[in-house]
Every structure is written in C-alpha cells, then in structure tokens.
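Residue numbers (my numbering), protein chains in the order written: chain C, 9 to 526; chain E, 1258 to 1570. Remarks on the structure that follows.
Given below as structure tokens:
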C-alpha cells in the first residue's frame, strides 16, 4: 500500500530509523560497558529468600537464617567448620551431673552496636524473652517446648546458668544457631527497634546502603575482635527469588556466590562456575492423622505403607527435580541412620501397594484431600497420578491462605513438607511426636523408644544403631513417606572465591568460611 | 476548561476513595487477624488479642477506615505487621523503581511503536508486511520469556548489561540506566508492537483524510504532512494506547521485578500478599490506584488538548 511519493517514503524511513536508533541508544545506555569487575574487598551472595523479612531480630527466625544473622550477631556458642559447637560469646561451658543445668562463662570484652556490654544480666534478659511467641528461635526452649528452659539464673557478672525441665545433654549445639544469638541491651528493652536497626556484636554492621528486601549490605565492625576471622570487608546479601536469575547473576559476575537449585546447576557449571553441594533436606509426605480421625483408612499402618510402594520417586525426580536424589529413607543420606535397605524394601511396586490396601480392607481404594501450597502443587500432582494407579484418589486443594495451610495438620490426613533433619532428636520431640505433625496425638512405642535411644547415645556406633532404628520405623510406620532429598547447591565464582565449604551437614556455610580464591 | 479540570479531579478523588474502601474491606475479608499474622502460628490467643487491641482491630469498621484515611491523607499508611516499618516509607523507596521501569518501558515502546507504525503505514508493501509480522510475534511472546532471552544474550553471554539488580539514580545515573536497560526492553517489546499496530491503523486513516490531500496539493513539505498534520490527526488513539501501556506496565512490572530482582512495588505486593501483611497490601493498592487515576486524568487532558473539537466543547 503506497500513499505518498518516494520523497515522502524516504523522509519517513529516515526519521523512523533515527527514532529507532535513538530509542535503542537510550535504552542501551549507548555504550558497550560491561559490569564492574568484582571488588576483592566485597563478597556478594545471591540468596533465595529475604532473611530479614521480619526485621533484624535474630530471635524471630530459625536456623535457615543463621548465615545472614551470623554477620550481625554472635551466638553463645559458635558453629565450627566441622559442624561441632565451639566457644562463642561463652568461652566455656559445663553441665551438672544429671545434665539439667548448663553453666556458661561469658567473654568480658564484647560490645554491642548500642554501646552496651555483654554480661550475665544481658544473656538472662535475652533468654527470658522465651515466652514471647513471636521469637521463633526460642520455641523449643519456651515453656512446653522439647528443650524447655525452666529458669535462667545469673551466677556472677560473667556466669549464667540455664536450668532445663529435663536433662539436655548436648544442648550447647542449639546455642550455635539463632537460638544462641544475643541482642544488645537496647534491642532487648525495645524489641520494636530491631525491625529497622540491628543491635548485635557480630563481625559486621549494617550499612545504610541496604535496601530492605532486596540488598543487605554489611561492613566490617571495627569494634569486633572476631571481625579478623572474616575475609571480606563488605558482604552483600542480594535477594534474588527467581532461581534462574540467581544463576544468571552468578554467571554474569554480579554475584560471587549464589544458592542454586538443582536444575540450574548444570547451566552454571557449563559457564565455568564452581558448585559445592550438600544434602540434608528430605521432601516428605507426612501422615498427620495416624488414628483415622479425618480419614479412617489412615489409622491402618498397611494403608500408610501402601503409599510407600505406590509412589515412583525416580520418575518424580527425573521429571521435576533433576539433580536431586530420590528418597526412600526418612533421614538424609549423610545421616548415620541412613540405610540402603529401605531403598530396596520400599522400591516402587504398585501391585504390592494394591495388595496392602486390600489387606487393610480397602480393595477399592480410598479418597482423601490434601492441601497444597504454590511450592508443592506440582509435586503433589505428580504423586496424584501414581496414587490413582493403585486406586487412591488424592484430591489436591490449593491453600487459600497460610492459615488454611497451617490448619491442614488437623483437618487432613496427609501433608507435604521439606524436612531438615540436622537435629533428629529435637525434631522428633518438637515436631513429630509432640508437635505440629501430630495434633491427633498418635503414639508409636517404637518411635518413642528409638528417639530416646538416639538422645541417650554417646558414641558413634550407638548413634548409628539408634538413628537407623528411628529412620526405619519412621518409614515402616508410614508416619513419613519420603519422596526426594534436595541438594543444597552453592555456586561460586572460582576466580574470586575459594571452593565453598559446608559446616558439617549444615546446609548454610559459615559466613566466615568464604575466603578469596588464592 | 477550569470547570472540566475541577470535575475530573473530583471524579479522580472519588475513584481513589472508592478503591480505598474496597481495599479496606478486602483486607478485612482476608482470613486471620493482624495479631495472628504478626505473631505467627504458635502465638497464644491472649497475645493475639493484645496485638489486635493495640492496632484497633476490634473497633467498628467505620472508625478503623476513617482513622486509616485520616492518616493516609497525611502520608501515613500505617506500619507493616511483619517488620513494624512504615508502609509509606517502604513504598516511597519502591515507587521510583517501578515508576522508572514503567516510564522507561512506555517511552521506549512509544518511540518504537510510533516509528514502526508510521513506517509501515507510509511505506506499505513488503516493509508493512514485515513490520506487521514481527509485531504480531512480539505481541504474542510472553514478557518473561523475552526477558530470559535478553538476559541470556546480553548479560550471561556477553556481559553487556547486568543480569539483576537496580541502582538508584542518585547513586550513579549511568549504572541506573544500565540496570534498567534489560527490564525496560523486556517490557517494551510487547508494548511497542501493540502501539505499532495501533499507529499504523490510525496513520492509514489519517493519510486518507481530505485535509491531507489538500496539503499535498499545496506542496506542503512531506515531513510536515506526515509528522505534524497526519500524526496529530492520528494521535488520539495512539496517546490513549500509550497511557494504557503505562498503566499496564506499572501493574505488570512484577514480572520484570522478579526476573531482574528489583525492589519495586511488584516485589512489595508479592511479599505483602504472601505474608498477609494487610497494611502493606492496602498501601500498595491505594498507591497503584492513585497512579492509574492520575495517568487517566493526564490522558483526558491530553485528549482535550489534541482534539480541536473536544477543546472547543
């Protein structure tokens, strides 16, 4: 279609071309500038969540946020590179004979951001906040918690005693995480101030260039004697929720370290970045109802066992979680309780599942509803097909609210969660036997016995024996229906950062463990 | 004209007020109370009741709304239930990010769209068909996918642009432009293609008008015919399209903000909805409404200015 003469066409084309060029120049910045080279004085970590979404009170968060808060706060005990507990704000500790009292001897040269000093009164003031339900880090030590602290007493200016409701050997391990972090006097007195301003004694302080929810910038705390143990002068936690965007940030040099999902590991490796991996988180279907209150069939162990045989874990991993590990064990593969026997005993066998259902009195199968969240919906839909093949109709209902998702533990027979087994005894007492996964108050003598045995085990062989017993019973009883073990992947720029090391089986490396590449 | 502006301003205020009421009611319809949200699942009922009492949650809805409105007029949108920070301050820090994105994408899409649309209409033939085909594809492609491709090519493979992040203008204008480049292009591709089609159609109609033929007959310079007379005649639907693009991009920035990890309003909406942070949700809804209403108001005034018939009325 031609409406103007050739001069007009030429004129319009020239102008259009100029506009087009102008627009591209405008949006491109008009230069071939590349991203700035990494500053050796700073370390940028691309993380998958906003660690400070609740502000800067370390007691409002749990273990997964330890790495972030480690920069701003010190713990009573410090996590060591081998995963054990070492001295922290407490330079020494001792138990009484029956392990009901833990006495801590504190350092005397610690200063907080607000200028206050560490002493026994401050530690007591911190721990006495344990009845505050908002302080998630204290939930296990609050009244009724699995590791309840009955009282905190000042023994001397630098000595404080923790008295437990029941014996707690090894409690010092809990003090390496956010539970052991100590907030300065101002922060304890006015906890609302912690929403915007941290009050810690950690190796770094928060820089004003921080953008909440997006980029947290920490600079060396000159007042901290511990700061020398940290290699980088500045640490930036960059919140990048999209997994591919995190991988892109790492590959393009905007991040020095990035948390990678398993399905972006190959891409990252292909671009020459290093990847360190560790397991530990088992994605598991959890039987909420073991007494048949919400679905009578779930009272039958054989029904719960049928689920173990009905689900094709390998297919699930191949389809949705490439790079992760199919799991038949409730405990992760690096746990002393891991056993290959479960992998073969409960291998995918739909016929066996059908026969177990028939033996339990459900030859025509059963029907129930499970509540899913945005993260779990796809997995559940995959499992739904396997279950349907053996006659189990699992209706997947999307949770319309967080409240509904929480309430599902009481209203539905089965749930799905990513479980961290870094502290099996604490988790068994706190969540499985007495906690949120067992609101129907089911009991299992073998599980209770195995947990007690593990708690009391002193040497490696005893721990292995008890943990294996616990793991096996969790699966045989169908209280846990493991699906796959997710690997935690830390990608790192090999030119800037030395290979990332994990602290024992902890999924989040110590902030102090990041070192420049030699 | 002053009467027209006054009427439109009153309409705009009424719209914002109605949306504020709806946002308030929606927030109250959400399951759970502020106390339950801020204290978490393990909180005792006594603690929850105490927080609710402190926040005035048990007051009559009318009292709560007017209390909120009074504060909002003074620029105070309340405090976040999750971290206790000022909602106004948080949104004020995020607004420039989303506004930069939306304005940048609108500008680029307008320049591209008008240039391509005019070229297609004027050149016709193969050029028209090529531009039509490319625009058809560009409109159909999801912004998320376009973004991934751009990031891969221009950030991952060649490191020309940063793959993620946002640098405030006051920190470094150059880095600000660089950090916006890919998200802006990502959002502008679809919008530019849409505007190109709209411009082409409007220009074709304009070029067939009597007064254009008359101008050609009087040997008026071609550029003047095209870009002063014809484009002005065709501009009403184009301007409306640009305004709609801005509104759409402002709301749709969540895609780019997620893909490029930018701390804008889209990210705030995502966070506050997922955490049931009612004051933050309410704040974002009201701010977004104010922006949309303001853009519509500007559009109406621009339309009035551009159309002689409307201006005369």
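Positions of the beta carbon are idealized from the N, C-alpha and C atoms, including for glycine.
Buried or exposed: where does residue 1441 of chain E fall if 16 or more other Cβ atoms within 10 Å of its Cβ makes it buried? By 1-based counting over the second chain, the position of residue 1441 of chain E is 184. It is buried - the Cβ of residue 1441 of chain E has at least 16 other Cβ atoms within 10 Å.
Can you give me the C-alpha to C-alpha distance between residue 100 of chain C and residue 94 of chain C, rounded to a whole angstrom? Residue mapping note: residue 100 of chain C aligns to position 92 of the first chain, counting from 1. Residue mapping note: residue 94 of chain C aligns to position 86 of the first chain, counting from 1. Rounded to the nearest angstrom, the two C-alpha atoms are 9 angstroms apart.
Using only CA atoms, which one of E:1502, E:1551, E:1559 lies nearest to residue 1270 of chain E? Taking the second chain and counting its residues from 1, the one referred to as residue 1270 of chain E is at position 13. Taking only the C-alpha atoms, the option nearest residue 1270 of chain E is E:1551.
Between the Cα of residue 124 of chain C and those of C:355, C:215, C:190, C:184, spot the shortest distance and give me the residue it belongs to. In the first chain, residue 124 of chain C corresponds to position 116, counting from 1. Here the closest residue by C-alpha is C:190.
Would residue 1541 of chain E and residue 1529 of chain E qualify as a contact pair, given that the criterion is a beta-carbon distance under 9 angstroms? Position 284 of the second chain, counted from the start, is the residue given in the question as residue 1541 of chain E. Position 272 of the second chain, counted from the start, is the residue given in the question as residue 1529 of chain E. Yes, Cβ-Cβ distance for residue 1541 of chain E and residue 1529 of chain E is below 9 angstroms.
Do three or more CB pairs link the region 478-487 of chain C to the region 448-457 of chain C at distances below 8 angstroms? yes
Which stretch, first to last residue, makes up the beta strand (DSSP E) that contains residue 287 of chain C? Indexing the first chain from 1 puts residue 287 of chain C at position 279. Run containing residue 287 of chain C: 282-295, per the beta strand (DSSP E) assignment.
CB contact flag (residue 65 of chain C, residue 185 of chain C, <9 angstroms): Start at 1 with the first residue of the first chain, and residue 65 of chain C comes out as number 57. Start at 1 with the first residue of the first chain, and residue 185 of chain C comes out as number 177. No, the Cβ-Cβ distance between residue 65 of chain C and residue 185 of chain C is not below 9 angstroms.
Let me know if residue 493 of chain C comes out buried or exposed under the rule of 16 or more other beta-carbons within 10 Å of its beta-carbon. Residue 493 of chain C sits at position 485 when you count from the first residue of the first chain. Residue 493 of chain C is buried by the Cβ-count criterion.
If contact means a Cβ-Cβ distance below 9 angstroms, which residues of the region 215-245 of chain C contact chain E? 217, 219, 220, 221, 222, 223
For residue 1347 of chain E and chain C, any beta-carbon pair shorter than 9 angstroms? Taking the first residue of the second chain as position 1, residue 1347 of chain E is located at position 90. Yes, because at least one Cβ of chain C sits closer than 9 angstroms to the Cβ of residue 1347 of chain E.
Using a Cβ cut-off of 9 angstroms (strictly closer), state whether residue 1405 of chain E contacts chain C. Counted from its first residue, the second chain places residue 1405 of chain E at position 148. Judged by the 9 angstroms Cβ criterion, residue 1405 of chain E is in contact with chain C.
If we count Cβ pairs, one from each stretch, closer than 8 angstroms, do we get three or more for the region 175-185 of chain C versus the region 195-211 of chain C? no
Please tell me whether residue 1331 of chain E has its Cβ less than 9 angstroms away from any Cβ of chain C. On the second chain, position 74 is the one that residue 1331 of chain E refers to. Not one chain C Cβ lies under 9 angstroms of residue 1331 of chain E.
Under 9 angstroms from the C-beta of residue 1422 of chain E: neighbouring residues of chain C: In the second chain, the residue the question calls residue 1422 of chain E occupies position 165. Result: 222, 223, 246, 248, 257, 262.
With a 10 Å radius around its C-beta and 16 neighbouring C-beta atoms as the bar for buried, classify residue 236 of chain C as buried or exposed. If you number the first chain from 1, residue 236 of chain C lands on position 228. Residue 236 of chain C comes out exposed.
Does the distance from the CB of residue 1294 of chain E to the CB of residue 1535 of chain E come in under 9 angstroms? The count along the second chain starts at 1 and reaches residue 1294 of chain E at position 37. The count along the second chain starts at 1 and reaches residue 1535 of chain E at position 278. Result yes, Cβ atoms of residue 1294 of chain E and residue 1535 of chain E sit closer than 9 angstroms.
Answer with buried or exposed for residue 501 of chain C, where buried requires no fewer than 16 other C-beta atoms within 10 angstroms of its C-beta. Along the first chain, one-based indexing puts residue 501 of chain C at 493. Answer is buried; the Cβ neighbour count reaches 16.
Do three or more CB pairs link the region 1366-1374 of chain E to the region 1514-1521 of chain E at distances below 8 angstroms? no
My output table needs one value for residue 267 of chain C: the three-state DSSP class, helix, strand or coil. Position 259 of the first chain, counted from the start, is the residue given in the question as residue 267 of chain C. Strand, per DSSP.
At a threshold of 8 angstroms, does residue 327 of chain C count as lining the ligand HEM (C-beta to nearest heavy atom)? Here there are no bound small molecules, and the ligand HEM is not part of this structure.
When you compare the CB of residue 1353 of chain E with every CB in chain C, is at least one pair closer than 9 angstroms? To locate residue 1353 of chain E, count along the second chain from 1; it is residue 96. No, because no Cβ of chain C sits closer than 9 angstroms to the Cβ of residue 1353 of chain E.
Can at least three beta-carbon pairs, one atom from the region 357-368 of chain C and one from the region 308-326 of chain C, be found at a separation below 8 angstroms? yes
Under 9 angstroms between C-beta atoms of residue 438 of chain C and residue 87 of chain C: By 1-based counting over the first chain, the position of residue 438 of chain C is 430. By 1-based counting over the first chain, the position of residue 87 of chain C is 79. It is not a contact, given that the beta carbons lie outside the stated cut-off.
To the nearest angstrom, how far is it from the Cα of residue 1374 of chain E to the Cα of residue 250 of chain C? As a position in the second chain, residue 1374 of chain E is number 117, starting the count at 1. As a position in the first chain, residue 250 of chain C is number 242, starting the count at 1. Cα to Cα, the separation comes out at about 35 angstroms.
Determine which residues of the region 51-68 of chain C have a Cβ less than 8 angstroms from any Cβ of chain E, and write them out in chain order. 54, 58, 60, 61, 62, 63
DSSP state of residue 99 of chain C mapped onto helix, strand, coil: Start at 1 with the first residue of the first chain, and residue 99 of chain C comes out as number 91. Correct three-state label for residue 99 of chain C: strand.
In this structure, how does DSSP classify residue 326 of chain C when only helix, strand and coil are distinguished? On the first chain, residue 326 of chain C is found 318 positions in, with the first residue counted as 1. The answer is helix: DSSP assigns residue 326 of chain C an H, G or I state.
Do we get a CB-CB distance below 9 angstroms when we pair residue 30 of chain C with the residues of chain E? Taking the first chain and counting its residues from 1, one reaches residue 30 of chain C at position 22. Bear in mind that a pLDDT of 34 at residue 30 of chain C, under 50, signals an unreliable position, so the number given afterwards is only what the model happens to contain. So, interface residue.
Establish whether the CB of residue 303 of chain C and some CB of chain E are separated by less than 9 angstroms. Mapped onto the first chain, residue 303 of chain C falls at position 295. Not closer than 9 angstroms to any Cβ of chain E, the Cβ of residue 303 of chain C fails to qualify, so no.
As assigned by DSSP and simplified to three states, the class of residue 498 of chain C: Mapped onto the first chain, residue 498 of chain C falls at position 490. Strand at residue 498 of chain C.
Return the chain-ordered list of same chain residues with a C-beta closer than 8 angstroms to the C-beta of residue 35 of chain C, the five sequence neighbours on each side being excluded. Reading the first chain from its first residue, position 27 is the one you call residue 35 of chain C. The predicted model places residue 35 of chain C with a pLDDT of 35, which falls under 50 and marks its position as unreliable, so this point remains unresolved.
Just to check my reading of the structure: residue 150 of chain C and residue 442 of chain C have Cβ atoms closer than 8 angstroms, yes? What is that Cβ distance to the nearest angstrom? The sequence position of residue 150 of chain C within the first chain is 142, counting from 1. The sequence position of residue 442 of chain C within the first chain is 434, counting from 1. So it is not a contact: roughly 13 angstroms between Cβ atoms.
For residue 514 of chain C and chain E, any beta-carbon pair shorter than 9 angstroms? Sequence index remark: in the first chain, residue 514 of chain C carries index 506 (1-based). Cβ-Cβ to chain E under 9 angstroms: no for residue 514 of chain C.
Classification of residue 1398 of chain E by the beta-carbon crowding that lies within 10 angstroms, buried from 16 upward: Along the second chain, read from residue 1 onward, the residue named residue 1398 of chain E stands at position 141. Classification for residue 1398 of chain E: exposed.
So the candidates are C:349, C:170, C:336; which of them puts its Cα closest to the Cα of residue 324 of chain C? If you number the first chain from 1, residue 324 of chain C lands on position 316. Cα-wise, what sits closest to residue 324 of chain C is C:336.
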